[in-house]
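Since the structure comes first, as structure tokens, the remarks are kept for the end.
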Amino acid sequence: MTIALGKFTTSESDLFDIMDDWLRRDRFVFVGWSNLLLFPCAYFAMGGWFIASSYLEGCNLLTVVVSTHANRLAHSLLLLWGPEAQGDFTCWCQLGGLWTFVALHDAFGLIGFMLRQFELAQSVQSRPYTGIAFSGFHNWTLNPFHMMVVAGVLGAALLCAIHGTTMENNLFEDGDGANTFCAFNPIQAEETYSMVTANRFWSQIFGVAFPINAGYIYLFYLYQ
């Protein structure tokens with residue numbers, strides 16, 4: 000069965016029609032207008048994530064992290080040209096501006112992906128929410144893909160809760176300091192996140208004193 004994505008226009012002289020054909024019809028992989036928002040935002044979000052992780056936090060692909068801004072800045076948007084950084088890129092990074100950069104581009108990238116699903120559904124004349132739900136299977140409770148999604152969502156929620164409690168309960172708070180990166184402040188008295196403190200926290204949770212030099216403890220904290 001062949002599915003035609005939309006209808007060809009009779010006149011190809013209009014620039015919009017040419018662009019529409021180029022984005023939505025004249026290719027094997029669907030691009031669409033929505034991907035003009037999705038691709039750049041996803042690219043910048045991933046780029047900012049890995050730059051902040053590798054160069055600023057000293058992490059690798061398994062321990063990627065982007066530090067949020069200091070608590071004293073409250074809910075400041077932390078724009079590069081804002082009053083906090085005043086156009087100073089290094090100061091902006093020290094204050095945690097890359098977290099704002101990654102979060103905003105990731106949010107707009109997610110919006111672009113949702114619009115892409117709607118655009119696909121409209122092209123094949125399907126219900127708009129079908130592309131979001133990605134399932135037309137009636138007995139969806141026995142769908143193995145739905146089972147994996149539910150397990151992934153609940154498992155991710157559990158991991159987020161574990162991660163949040165672990166980080167919050169072993170974070171070294173340097174008073175009123177606005178610096179969020181230990182790498183930028185070599186005279187900081189303690190490491191930003193202490194494994195010893197994290198081990199003590201989980202020992203209190205489970206009521207068992209875990210050996211700090213055990214390999215599985217390092218593996219557990221690696222994925223936190």
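For the sequence shown, counting from 1, position 211 maps to 210 in numbering that gives the first Met the number 0; every step adds exactly one. For glycine and all other residues, C-beta sits at the position ideal for the given N, C-alpha and C.
For P39, the enclosing alpha helix (DSSP H) covers residues 34–50. At the C-beta level, G154 and F100 stay beyond 9 Å of one another.
Taking C-beta atoms as the reference points, A51 and W91 fail to come closer than 9 Å. For F112, same chain residues with a beta-carbon under 6 Å away, outside a window of 5 residues either side, are L37 in chain order. Look at E83 here: in three-state DSSP terms it is coil, with no helix or strand label. For the set T140, V123, A197, L141, the Cα lying nearest the Cα of N168 is the one of A197. Under the three-state reduction of DSSP output, N142 falls in the coil class, being neither helix nor strand. Our two residues, A120 and C40, have alpha carbons roughly 22 Å apart in a direct line. In the three-state scheme derived from DSSP, where H, G and I count as helix and E and B as strand, D13 is classed as coil.
For the options P143, L141, A102, E83, the alpha carbon positioned closest to that of L94 is the one of E83. By the neighbour-count definition (other C-beta atoms within 10 Å, threshold 16), H104 is a buried residue. Secondary structure of G96 (DSSP, three-state): helix.
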